[in-house]
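Just below is one structure, and these are the notes that go with it.
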Amino acid sequence: MRFETIAIHAGERPDATFGAVSVPIYQTSTFVFEDVGKTRGYDYSRTANPTRKVLEDTIAQLEGGKAGFAFATGMAAEATVMHLLKAGDHVISGDDVYGGTYRLFQNVMRDFGLEFTFLRMDDRRRIEQAIKPNTKMLWLETPSNPLLNIVDIEMAVGIARQHNLMTVMDNTFATPYFLRPIEYGVDLVVHSTTKYLNGHCDVVGGAVVTTTDELTERVQFLLNAMGTCASPFDCWLVIRGIETLPLRMRQHEKNAIAVANYLKGHLMVKRVMYPGLKSHPGHEIAKRQMKGFGGVVSFELKGGTEAVNSFLERIKVFSLAESLGGVASLAEHPATMSHASMPKEHREKVGITDQLIRLSVGLENINDLIEDLGQALEPS
């Protein structure tokens, strides 16, 4: 089946019990055993749940992976993946990753004996020089959050295979509609399903997709042992969102391209970051490995704090809010919001300046979005 059909029909649909077209919410903690040691496939919802299974099967099929697992949040998914490692292991990560990812690595997992090196993932030599005898994982994010830098996945996977490293790819921004990392050899794919997969800003969730029997067994064990799984109702919300994912992603991209081109020519804008622009340094790589460029546009304003505050106070159609990927357009200030947990020195080093604004371009009429940006950018 093709992507649009998988998004609607993957998993056990219609429901086997009564033929429900809409996936039922199995809002139960436990299941009756048919006999001692004999179940109908489920015993306890932390271990597995029929509603969650439909979501997991759907995401796995969309990504082209072996199996999928749904988690309570994107960070729960990432924390579970990090437990595939052991004390003393070393991870190489992009230096401009999501602030929550950086916080997990730098402020939590280091206390459990893991080592991390953060660097820009755009140069083979730089990555290879960072590899140590105890390096076990490459953590990739493309497009990156919030700078929208592009990683050449084939290059990164090639390095990883030469050195027997696990590759993990956060595919939240692109979604499997625009990018399928497993096709390029990535071992594990991670999602914040809060974002585009759900698409309606009404749930938090995460997902992991595996590619081998061994990784499937290990992630399943950790999910059950750590209790990081998603609830049935939250899974149902994400299932509902995925059904319209192809339609939404096409419109997100269409609107984002228009917004990026508008901002590129505005006198108050210093620079625009969007991989769909030919001026973006990663444009050709993105064009080669992606089927679309996504719905996030970041840009730097000219001026200081006053200019940034003025813009964020004056937007009307765009809302000042955390997160992204919903139908409604959002604007956020990474330095004080999504990346506030990242030390200022590191933010400035990697290019996350105080003048940087990240836009999650929604599905509103594009003329309304551009008019809103225009009035907000007018000099005070």
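Sequence positions in the sequence shown follow my numbering and run -19 to 360.
Each residue gets a CB set at the ideal place from its N, CA and C atoms; glycine is no exception.
Everything numeric in this text was worked out from a predicted model, so none of it was measured.
Cα-Cα separation, Ala(-13) to Ala50: In the sequence shown, residue -13 corresponds to position 7, counting from 1. In the sequence shown, residue 50 corresponds to position 70, counting from 1. C-alpha separation (whole angstroms): 16 Å.
Within 10 angstroms of its Cβ, does Asp75 collect 16 or more other Cβ (buried), or is it exposed? In the sequence shown, the residue the question calls residue 75 occupies position 95. The residue in question, Asp75, is buried, as its Cβ has 16 or more Cβ neighbours within 10 Å.
Please determine, among Asp182, Ser318, Lys116 and Arg26, the residue with the shortest C-alpha to C-alpha distance to Asp69. For this step, residue 69 is matched to residue 89 along the sequence shown. For the set Asp182, Ser318, Lys116 and Arg26, the Cα lying nearest the Cα of Asp69 is the one of Lys116.
Whose C-beta lies closer than 8 Å to the C-beta of Val61 among residues of the same chain, with five residues either side of it excluded? As a first step, residue 61 must be located in the sequence shown, where it is residue number 81. Cβ contact annotation for Val61 (same chain, cutoff 8 Å, sequence separation greater than five): Val148, Leu168, Val170, Val188 and Val199, in chain order.
Local conformation of Leu94 per DSSP, three classes: On the sequence shown, residue 94 is found 114 positions in, with the first residue counted as 1. Coil, per DSSP.
In its own chain, which residues sit with a C-beta less than 8 Å from the C-beta of Val288, not counting the 5 before and 5 after it? Your numbering for residue 288 matches position 308 in the sequence shown. Within the same chain, and ignoring the five residues on either side of Val288 in sequence, the residues whose Cβ sits closer than 8 Å to its Cβ are Leu281, His313, Asp334, Gln335 and Ile337.
Segment limits, alpha helix (DSSP H) that includes Ile162: For the purposes of this step, residue 162 is taken as residue 182 along the sequence shown, with counting starting at 1. From DSSP, Ile162 is part of no alpha helix (DSSP H); its letter is neither H nor E.
Nearest-angstrom Cα separation, counted from Met248 out to Ala301: Taking the sequence shown and counting its residues from 1, the one referred to as residue 301 is at position 321. Taking the sequence shown and counting its residues from 1, the one referred to as residue 248 is at position 268. Those two C-alpha atoms are separated by around 22 Å.
State the CB to CB distance for the pair Tyr78 and Asn125, rounded to an integer number of angstroms; the pair is presumed to be in contact (CB under 8 Å). Here residue 78 refers to the residue found at position 98 when the sequence shown is read from its first residue. Here residue 125 refers to the residue found at position 145 when the sequence shown is read from its first residue. That belief holds up - the Cβ atoms of Tyr78 and Asn125 are roughly 4 Å apart, short of 8 Å.
Note down the Cα distance separating Pro323 from Glu(-8), rounded to an integer number of angstroms. Along the sequence shown, one-based indexing puts residue 323 at 343. Along the sequence shown, one-based indexing puts residue -8 at 12. Taking the straight line from one Cα to the other gives about 46 Å.
What is the rounded straight-line gap between the Cα of Glu36 and the Cα of Met206? In the sequence shown, counting from the first residue as 1, residue 36 sits at position 56. In the sequence shown, counting from the first residue as 1, residue 206 sits at position 226. Whole-angstrom Cα-Cα distance: 18 Å.
Between the C-alpha atoms of Tyr361 and His(-11), what's the straight-line distance to the nearest angstrom? For the chain, the structure presents residues -19 to 360; residue 361 sits outside this window and is missing.
So is Lys112 in contact with chain D if we call contact Cβ pairs under 7 Å? Note that chain D does not occur in the displayed structure, where there is just one protein chain.
Return the CA-CA distance between Asn347 and Ile139, expressed in angstroms with no decimal places. On the sequence shown, residue 347 is found 367 positions in, with the first residue counted as 1. On the sequence shown, residue 139 is found 159 positions in, with the first residue counted as 1. Between Asn347 and Ile139, the C-alpha separation is close to 45 Å.
Spatial neighbours of Ile222 within its chain, please: C-beta separation below 7 Å, excluding the five flanking residues on both sides. Along the sequence shown, read from residue 1 onward, the residue named residue 222 stands at position 242. In chain order, Ala(-13), Thr38 and Leu177 place their CB closer than 7 Å to the CB of Ile222, counting only its own chain and leaving out the 5 sequence neighbours on each side.
Would you decide whether Met55 is buried or exposed? Buried here means 16 or more other CB atoms lie within 10 Å of its CB. The count along the sequence shown starts at 1 and reaches residue 55 at position 75. So Met55 counts as buried.
Could you tell me whether the stretch 21 to 34 touches the stretch 148 to 167, where touching means 3 or more Cβ pairs closer than 8 Å? In this structure the stretch 21 to 34 does not lie against the stretch 148 to 167, because fewer than three pairs of beta carbons, one per stretch, are closer than 8 Å.
To the nearest angstrom, report how far apart Ile295 and Ala136 are at their CA atoms. On the sequence shown, residue 295 is found 315 positions in, with the first residue counted as 1. On the sequence shown, residue 136 is found 156 positions in, with the first residue counted as 1. Spanning the two alpha carbons is a distance of roughly 39 Å.
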